[in-house]
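Inspection log for the structure reproduced underneath, given as structure tokens.
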Amino acid sequence: MNIRRFLLPKKVLSIDIGTYETKVVEGKRTTQGLDINKSFSFLTPEGAYEDGYILENELLHYVFKKEFNKNKLSSNAAYITIKSNSIIKKEVELPSVSHNEIKGILKYETKEYLPIKIKDFIIQYKIINKVKNGDVEKLNVLLVAVPKKIVESHFVFLKDLGLKPTVLDLQLNSSSKLFKYNSVVNGEYNIENNTFAIIDLSYLSTDVTIIKNGDILLNENIPDSMQLSEEGLNRGTRNINNLIEKISLIFQKYKTKHIKDQIEMIFLYGGFSNIEDIDLIFENSLNIPSVIVKSMDKIYLSEDLNKYVNCIGSIIRVEG
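Here it is, written out as structure tokens:
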């Protein structure tokens, strides 16, 4: 699900621009895993970027240039991972055919699945899993339509910074790749062959993804769900309870379709996962063991992984 891909360099710069905060890592893939030699974050200028759209290009450019110069980056090959409520996702069932045949089907039938002006979007797909409908094998396929305006503005922005735009990825794809690439979280939780939920508690929305063996079984976005302060839980308890109720409904929806693959763990990451005791709140409310992501066995990083899940996941390149 890569919007664009060129010849991939050894060391890359991966960027995750958020409405509230921007995260950046620099690193490369080695035989042991991903070696992240530099990681930093900075506040995104207020009003400059929102929901995947660049609103104040000059202001954003100024702040990025200043932060990049301060951190003395050595690579100009840039990956960027995005999330936006303008990105349309739809799960469809297709015949069990090759990738080329899927592309052929979608070329003529996308309009049937997505009620959009196709010319204004870039359409990508990701095979979720294979299912049997009677004796016939089918593919569950996630269709993703990204506004061309978002894609083009990000690539122009990166070029204006003197970078070489290499890959534009989606946060949904980035995070799921990271969990597929690794086997152990926080040095003790083995995730191979297990079914688990990953929850990105970001500033403007919460992403809930359920994964088994690296396959995305379900993904839902809850917009405007975590307008909280990191000062504590006193003013935010009501919002957290409301959020957990919505997540519980998502889990119930999942259970009706996947009776045999029950959720065994919840992994929390993103800006608001640092709120005190939020893992215990999730665990007690949903009756599922919940932990905050701090490290993974194949990621070599000098600080907690939590903030950089989407950035680092984008560096992992896989087909399909």
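Going by this note's numbering, the sequence shown opens with residue 7, and the numbers climb by one from there. From the three backbone atoms N, C-alpha and C, an ideal C-beta is built for every residue, glycine too.
- Nearest in C-alpha terms to Lys96, of all of Ile253, Ile88, Tyr119 and Asn106, is Tyr119.
- A distance below 6 Å between beta-carbons, with the five flanking residues on each side excluded, links Ile216 to the following residues of its chain, in chain order: Ala203, Leu223, Leu224 and Tyr260.
- Within the segment 88-147, the runs of alpha helix (DSSP H) at least 4 residues long that lie entirely inside it are, in chain order, 105-119.
- Taking a contact to require three or more Cβ pairs closer than 8 Å, the segment 81-91 and the segment 169-179 qualify as touching.
- Cβ contact annotation for Asn219 (same chain, cutoff 7 Å, sequence separation greater than five): Asn199, in chain order.
- Contact check for Lys34 and Lys16: beta-carbon distance about 5 Å, within the 8 Å limit, so the pair qualifies.
- A contact between stretches requires three or more CB pairs, one per stretch, nearer than 8 Å, and the segment 288-301 fails this requirement with the segment 141-161.
- Within the same chain, Tyr119, Val147 and Leu149 come within 7 Å of Val98 by CB-CB distance, once the 5 residues on both sides are set aside.
- Non-local beta-carbon contacts of Val297 in its own chain, meaning distances under 8 Å to residues more than five positions away in sequence, involve Val191, Asn192, Tyr195, Met271, Ile272, Phe273, Leu274 and Asp285 in chain order.
- When beta bridges are read from the DSSP output, Ala151 appears opposite Ile94 and Ile129.
- Counting C-beta pairs with one atom in each stretch, the segment 180-189 and the segment 161-170 have fewer than three that are closer than 8 Å, which means they do not touch.
- Taking all protein chains shown into account, Lys78 has fewer than 16 neighbouring C-beta atoms within 10 Å of its C-beta and is therefore exposed.
- From the listed residues Ile250, Leu61 and Lys76, the smallest Cα separation to Val30 is found for Lys76.
- Between Glu32 and Leu40, the C-beta gap is not smaller than 8 Å, which leaves the two residues out of contact.
- Nearest to Leu178 by alpha-carbon distance, out of Ile294, Phe70 and Ile93, is Ile93.
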